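*Asks:*
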Amino acid sequence: MITSEEIKQRLWDGATELRGSMDASRYKDYMLGLMFYKFLSDKTLEIFASTAGLTKDDDLLEKYTDAHEQLGTKLDQMIQKVLGYFVLPEHLYQTWIKDINSGDFEVQKVTDSLNNFERTIAITNDSDDFKGLFSSSTLDLTDTALGSNLNERSKNIKALIRLFEDLDMVALQKGDVLGDAYEYLIGQFAMESGKKAGEFYTPRQVSEVMAQIVAKNPTLEEKAKSDKEQPSIYDATVGSGSLLLTLKSHLSNEVQKKLNYYGQEKNTATYNLTRMNLLLHGVRPEKMTIRNADTLAQDWPEDPEYPNEGVQFDGVVMNPPYSAKNWNKSGLKVSDPRFEIAGVLPPDSKGDFAFLLHGLYHLGQNGTMAIVLPHGVLFRGAAEGEIRQRLIDKNQIDAVIGLPGNLFTNTGIPVCVMILKKNRSLSDPVLIIDSSRNFIKVGKQNVLQEKDIAKIVDIYVGKKEIEGYSHLASREELINNEYNMNIPRYVEAIDDEIVQDVDAHLFGGIPVKNVNDLKILNSTVKDVLDSAFTKVREGYVEMNQSVSELTNKILADSRIKTKSKDICDKTEEFVNKYWDILRQINKSTNLNELKERMLTDIKSMLSNYKYIDIYAGYQIVAEIWKNALTHDSELIASVGFYAAGRTREKNMVTKGKNKERVQDGWIGAIIPNDLIARNLYSEDLRAIEDKKSRVAEIDNELSELVEAAKVEDSDENDALYDALKKNDDGEPQDSFENKKVKLELKLAAKGTLKYDLLKKVESLNAEKALKNKAIKNEETTLKEAIYDRITKLKNSEIDELVYEKWFGNIISDMANLVEVPLKKELETLDMLKSRYSDTLNSIDDEINNLEKEFESLMNELVVM
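Going by the working numbering, the residue at position 510 of the sequence shown is 525; the numbering climbs one at a time, nothing skipped.
1) Could you give the DSSP three-state label for M225: helix, strand or coil?
2) Tell me where the beta strand (DSSP E) around I686 begins and ends.
3) What first and last residue would you give for the beta strand (DSSP E) that runs through Q411?
4) Under DSSP, the alpha helix (DSSP H) around P836 begins and ends at which residues?
5) Using the three-state DSSP reduction, which class does E482 fall into: helix, strand or coil?
6) Mind checking whether L375 and K456 have CB atoms under 9 Å apart?
7) Going along the chain, which residues of its own chain have a beta-carbon closer than 7 Å to the beta-carbon of Q271, five neighbours each way excluded?
8) Got a sec? Which residues, its chain only, sit under 7 Å from G885 by beta carbon, not counting five neighbours each side?
9) Taking the runs of the alpha helix (DSSP H) that are 4 residues or longer, which of them lie wholly in the stretch 678 to 712?
10) Could you check where the beta strand (DSSP E) with E77 kicks off and where it finishes?
11) Give the DSSP-derived three-state secondary structure of L378 in the structure shown.
12) Taking only beta-carbon positions, decide if T66 is within less than 9 Å of chain B.
13) Express the C-alpha separation of G256 and A212 in angstroms, rounding to a whole number.
14) For E237 and D329, I'd like the C-alpha separation in whole angstroms.
15) Spatial neighbours of K774 within its chain, please: C-beta separation below 8 Å, excluding the five flanking residues on both sides.
16) Three-state secondary structure (DSSP) at G417?
17) Below 8 Å on the Cβ atoms is my guess for I412 versus C431; work out the distance and round it to an integer in Å.
18) Provide the residue(s) that pair with C583 in DSSP beta bridges, ordered along the chain.
19) Would you give the residue range spanned by the beta strand (DSSP E) that S561 belongs to?
20) Apply the 10 Å Cβ neighbour rule to R452 and answer buried if 16 or more other Cβ atoms are within range, or exposed otherwise.
21) Taking the runs of the alpha helix (DSSP H) that are 4 residues or longer, which of them lie wholly in the stretch 234 to 287?
22) Please report the straight-line C-alpha distance between Q560 and K580, rounded to a whole angstrom.
23) Assign A212 to one of three DSSP states: helix, strand, or coil.
24) Which residue from K348, K541, K273 puts its Cα closest to that of P13?
25) Return the residue from the list D699, Y593, L565 that minimises the CA-CA distance to E799.
26) Expressed to the nearest angstrom, what Euclidean distance is found between the alpha-carbon atoms of D542 and A397?
27) If you run the structure through DSSP and keep just helix, strand and coil, what is K592?
28) Pairs of beta-carbons, one from the stretch 676 to 690 and one from the stretch 836 to 844, closer than 8 Å: are there three or more?
29) What are the uninterrupted segments assigned as beta strand (DSSP E) that are 3 or more residues long and contained completely in the stretch 446 to 472, given in chain order?
30) Going by DSSP, what residue range makes up the beta strand (DSSP E) through L435?
31) Taking DSSP as the reference, what is the three-state secondary structure of G202?
32) For Y350 and W342, what's the separation of their Cα atoms in angstroms?
33) Can you say whether T589 is buried or exposed, counting buried as having 16 or more other CB atoms within 10 angstroms of its CB?
34) Indicate, with yes or no, if the ligand FAD has a heavy atom lying under 8 Å from the CB of I94.
35) For the alpha helix (DSSP H) that contains K113, what are its first and last residues?
36) Got a sec, what are the start and stop residues for the beta strand (DSSP E) V331 sits in?
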């Protein structure tokens with residue numbers, strides 16, 4: 016079975032190789048469009064096969080073609096009734112492949128197939144979900160960017176078609192693998208597209224913050240249990256649909272079954288992308304209502320029964336274009352019901368509040384809205400200041416979350432997420448979070464880690480105040496700040512810089528107040544800390560031992576050891592619990608829910624310990640999922656734990672000038688080859704490593720002889736210089752030439768130093784050659800043994816190997832969480848010791864000594 020990770024990598028590698036110089040934002044339309052057409056073709060054949068009682072072993076294309084000749088429109092209507100569309104035999108993706116293989120392929124046939132699809136859609140309420148998906152404005156196969164002439168275009172289009180040739184899109188969709196791969200490609204194209212990415216993609220980590228918060232709204236669950244109402248979500252600037260789908264992934268299966276999706280997108284190509292994306296993620300046509308139009312120009316959606324009222328949604332998520340200029344081209348007035356709450360129109364030069372007010376208008380009374388905005392909306396004046404005041408007076412702003420800059424590919428500015436609700440009490444404060452310093456750098460972009468997202472969501476849900484991170488701003492506080500919501504007014508960054516102590520610089524000693532500020536050390540091992548100091552005068556101490564010695568004492572202290580052991584024991588219980596669960600994964604297992612349970616449990620476990628970074632522990636488990644479990648659990652769910660452990664896959668590599676993909680041995684599907692080697696072939700590995708060490712030693716010996724041979728008038732120069740490799744200009748290089756070594760040996764007299772040195776070089780070269788040959792043979796033998804061993808692993812061996820892969824470091828990593836804050840304070844102590852080590856007196860003494868030395872030297876000078 017091919018996993019989503021493998022599909023993602025293969026497709027992206029293919030896209031990178033095939034698109035050439037075409038702009039990524041444009042190429043994505045071709046690649047994702049053809050990927051979706053393959054899905055439609057596969058669905059058509061699946062319905063035909065199930066109706067005709069056929070299996071995948073049958074030649075479905077041939078059977079479908081024969082059946083169509085006999086039944087004609089009856090067969091078309093049957094498939095159309097089930098799917099809402101059908102694909103004729105001559106227009107199937109599989110027919111394109113057949114034509115490519117037989118040499119009968121023509122680009123025009125692909126164009127005809129895409130154009131014909133529109134005519135096969137059933138006229139129903141859902142037919143709009145399929146119409147226009149392959150319009151020539153989106154998929155223009157005559158575009159010269161695909162190739163300067165017909166032959167070039169044909170070659171490139173054939174290569175693109177072959178990318179999806181062996182993928183069973185229907186099977187992949189059922190496990191959400193296809194949707195994940197599609198979403199991944201959209202994200203990758205976004206990174207490649209730079210500024211154009213903002214038109215169709217919200218970075219995953221920003222989507223996660225918004226989606227997880229909106230998903231916490233209990234109204235969604237309540238409506239899912241109701242017979243009268245259905246939960247609904249809306250994105251008025253839907254882009255590729257990623258925000259809606261991220262929100263979907265955080266809802267229970269019960270909610271997902273009843274969920275209705277609404278969205279609107281101005282860009283036609285992106286609008287098509289949205290519909291494909293939702294359909295590939297298993298969203299049924301009758302559950303999605305997506306429109307291609309300008310969100311602000313004319314309000315939508317409207318309730319047909321109440322033409323002047325907007326439809327209300329339980330969840331609204333939006334990432335509108337930042338500060339859109341000339342947004343009011345249609346001449347909207349403040350009387351538009353969307354803007355009535357504000358009493359004023361947003362400025363025409365900045366459309367941020369126009370999008371916010373549109374989304375808020377469509378937010379249900381008990382719903383939650385999350386919108387990404389530039390920070391300017393928090394403090395800009397004039398009309399925007401009036402709108403902000405209205406929103407605060409009506410108490411509809413629930414939270415403001417400041418995010419780092421450079422999260423988006425289309426802008427480097429920092430953004431915020433604003434959360435809005437309509438059912439807030441007037442006494443409810445506004446939560447303000449500053450997460451602008453919580454990120455890691457990945458390439459050119461800043462990225463929120465899983466722990467950063469979890470912290471934001473937890474603080475939001477718990478409405479917690481943390482110094483330097485979050486604040487609950489009361490209504491009075493906001494009014495006193497003249498409705499300015501600029502985050503630094505409410506959350507002041509913690510200044511970690513320790514103020515310089517002039518007295519300590521003059522007379523030495525570490526200020527006691529600085530030592531007392533080491534809260535964790537004082538709270539945990541105060542007696543050990545105090546014993547490291549000697550009082551030098553009132554308010555100042557000096558260390559009577561090195562920081563290194565103190566660190567060793569503290570880490571060896573029974574209280575620290577006990578705490579570490581307790582965390583190790585609890586971590587082991589956690590691992591054992593989920594080790595059993597993970598081995599029992601099957602197709603009915605909800606992997607997202609399982610991941611969430613593990614992450615929630617580790618937070619709960621660590622919350623029982625003081626001075627432990629809960630979110631650092633959370634990240635450890637999140638990384639295990641990212642690096643191993645996401646891939647492995649998918650395969651285990653498909654074939655079972657031990658079968659997955661004994662599964663091997665072709666190791667495909669790119670070789671040659673044509674960059675052909677060829678097989679280079681085998682790799683374990685979930686157990687890495689090097690892990691098998693280390694655990695089951697340790698003696699063989701050691702023997703190979705010993706030989707490699709000896710080769711390294713020989714290389715060092717030869718290098719020394721080469722360098723010595725280059726030194727004029729040395730014995731080595733006399734004996735070995737002529738045996739050195741030379742370039743075309745006769746200059747000596749960094750190695751010996753074997754033929755010259757042998758020739759010089761024949762000319763040298765036995766028993767002379769020259770003969771002995773040449774013989775040594777010959778022997779070293781011979782030994783190196785033998786060792787390298789042995790290494791190559793033994794590595795080949797070991798690889799073959801591992802390839803064979805994968806399929807014959809015992810259950811106990813699979814247990815041992817997979818356990819090490821998943822959880823080999825987790826206990827030590829969790830225990831290390833105890834030491835990290837202690838070591839951080841000890842580093843501060845080391846800095847203080849170093850800072851005040853040179854006093855004014857010691858500097859004066861050093862100056863006096865240098866002056867005396869200088870005078871002494873002057874006296875020794877004799878004038879000639």
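No residue lacks a Cβ here, since even glycine has one placed at the ideal position from N, Cα and C.
Remember, predicted model here, so these are calculated numbers, not experimental data.
*Replies:* With the given structure in hand:
1) Taking the sequence shown and counting its residues from 1, the one referred to as residue 225 is at position 210. M225 falls in the helix class under three-state DSSP.
2) For the purposes of this step, residue 686 is identified with residue 671 of the sequence shown, where counting begins at 1. Careful: I686 lies outside any beta strand (DSSP E) and carries neither H nor E.
3) Along the sequence shown, one-based indexing puts residue 411 at 396. Element bounds for Q411: n/a, residue is neither H nor E.
4) Position 821 of the sequence shown, counted from the first residue, corresponds to residue 836. 825 to 850 is the extent of the alpha helix (DSSP H) around P836.
5) Against the sequence shown, residue 482 aligns to sequence position 467. In this structure, E482 counts as coil in the three-state DSSP scheme.
6) On the sequence shown, residue 375 is found 360 positions in, with the first residue counted as 1. On the sequence shown, residue 456 is found 441 positions in, with the first residue counted as 1. Not a contact, by the Cβ cut-off of 9 Å.
7) As a first step, residue 271 must be located in the sequence shown, where it is residue number 256. Answer for Q271: K263, listed in chain order.
8) Coverage of the chain is limited to positions 16 through 879, which leaves residue 885 absent and any answer about it impossible.
9) 688 to 695
10) One-based indexing of the sequence shown puts residue 77 at position 62. First-last for E77: 75 to 86, but that is the alpha helix (DSSP H), not the beta strand (DSSP E).
11) The sequence position of residue 378 within the sequence shown is 363, counting from 1. In the structure shown, L378 sits in a strand (DSSP, three-state: E or B).
12) Although the question refers to chain B, the structure presented lacks it and comprises just one protein chain.
13) Counting from one through the sequence shown, the residue named residue 212 turns up at place 197. Counting from one through the sequence shown, the residue named residue 256 turns up at place 241. Low confidence applies here, because A212 scores a pLDDT of 47, under 50, leaving its location unreliable; read the following figure in that light. So the alpha carbons of these two residues sit roughly 13 Å apart.
14) Position 222 of the sequence shown, counting from 1, holds the residue named residue 237. Position 314 of the sequence shown, counting from 1, holds the residue named residue 329. Straight-line Cα distance between these residues: approximately 11 Å.
15) Walking along the sequence shown from the start, residue 774 turns up at place 759. The answer, listed in chain order, is L760.
16) The residue you call residue 417 lines up with position 402 of the sequence shown. The answer is strand: DSSP assigns G417 an E or B state.
17) Taking the sequence shown and counting its residues from 1, the one referred to as residue 412 is at position 397. Taking the sequence shown and counting its residues from 1, the one referred to as residue 431 is at position 416. Going by Cβ atoms, the distance from I412 to C431 rounds to 11 Å, so no, they are not a contact pair.
18) On the sequence shown, residue 583 is found 568 positions in, with the first residue counted as 1. DSSP, once it has assigned bridges, lists no residue as partnering C583.
19) As a first step, residue 561 is located in the sequence shown; it is residue number 546 there, counting from the start. Note, S561: premise wrong, no beta strand (DSSP E); not H, not E.
20) To locate residue 452, count along the sequence shown from 1; it is residue 437. The residue is exposed, with fewer than 16 neighbouring Cβ atoms inside 10 Å.
21) 257 to 264, 268 to 273
22) The residue labelled residue 560 in the question sits at position 545 within the sequence shown. The residue labelled residue 580 in the question sits at position 565 within the sequence shown. Their backbone Cα atoms lie some 28 Å apart in a straight line.
23) To locate residue 212, count along the sequence shown from 1; it is residue 197. Any answer about A212 is weak, because its pLDDT of 47 lies below 50 and its placement is not dependable; what the coordinates show is given next. The answer is helix: DSSP assigns A212 an H, G or I state.
24) The first residue shown for the chain is 16 and the last is 879, placing residue 13 beyond what the model contains.
25) Here residue 799 corresponds to residue number 784 of the sequence shown, with the count starting at 1. Measuring from the Cα of E799, the nearest candidate turns out to be D699.
26) The residue labelled residue 542 in the question sits at position 527 within the sequence shown. The residue labelled residue 397 in the question sits at position 382 within the sequence shown. Those two C-alpha atoms are separated by around 60 Å.
27) Stepping through the sequence shown from its first residue, residue 592 is reached at position 577. Of the three classes helix, strand and coil, the one that applies to K592 here is helix, per DSSP.
28) no
29) 455 to 457, 460 to 462
30) As a working mapping, residue 435 is identified with position 420 in the sequence shown. Element bounds for L435: 430 to 435.
31) Taking the first residue of the sequence shown as position 1, residue 202 is located at position 187. The answer is helix: DSSP assigns G202 an H, G or I state.
32) Translated into the one-based positions of the sequence shown, residue 350 becomes position 335. Translated into the one-based positions of the sequence shown, residue 342 becomes position 327. In the sequence as displayed, the identity of residue 350 is Ser instead of Tyr. Cα-Cα distance, rounded: 17 Å.
33) Against the sequence shown, residue 589 aligns to sequence position 574. The identity of residue 589 in the sequence shown is Phe, whereas the question assumes Thr. By the neighbour-count rule (16 or more Cβ atoms within 10 Å), F589 is buried.
34) Ligands displayed in this structure: none; no statement on the ligand FAD is therefore possible.
35) In the sequence shown, counting from the first residue as 1, residue 113 sits at position 98. 108 to 117 is the extent of the alpha helix (DSSP H) around K113.
36) The residue you call residue 331 lines up with position 316 of the sequence shown. Segment 328 to 333, the beta strand (DSSP E) holding V331.
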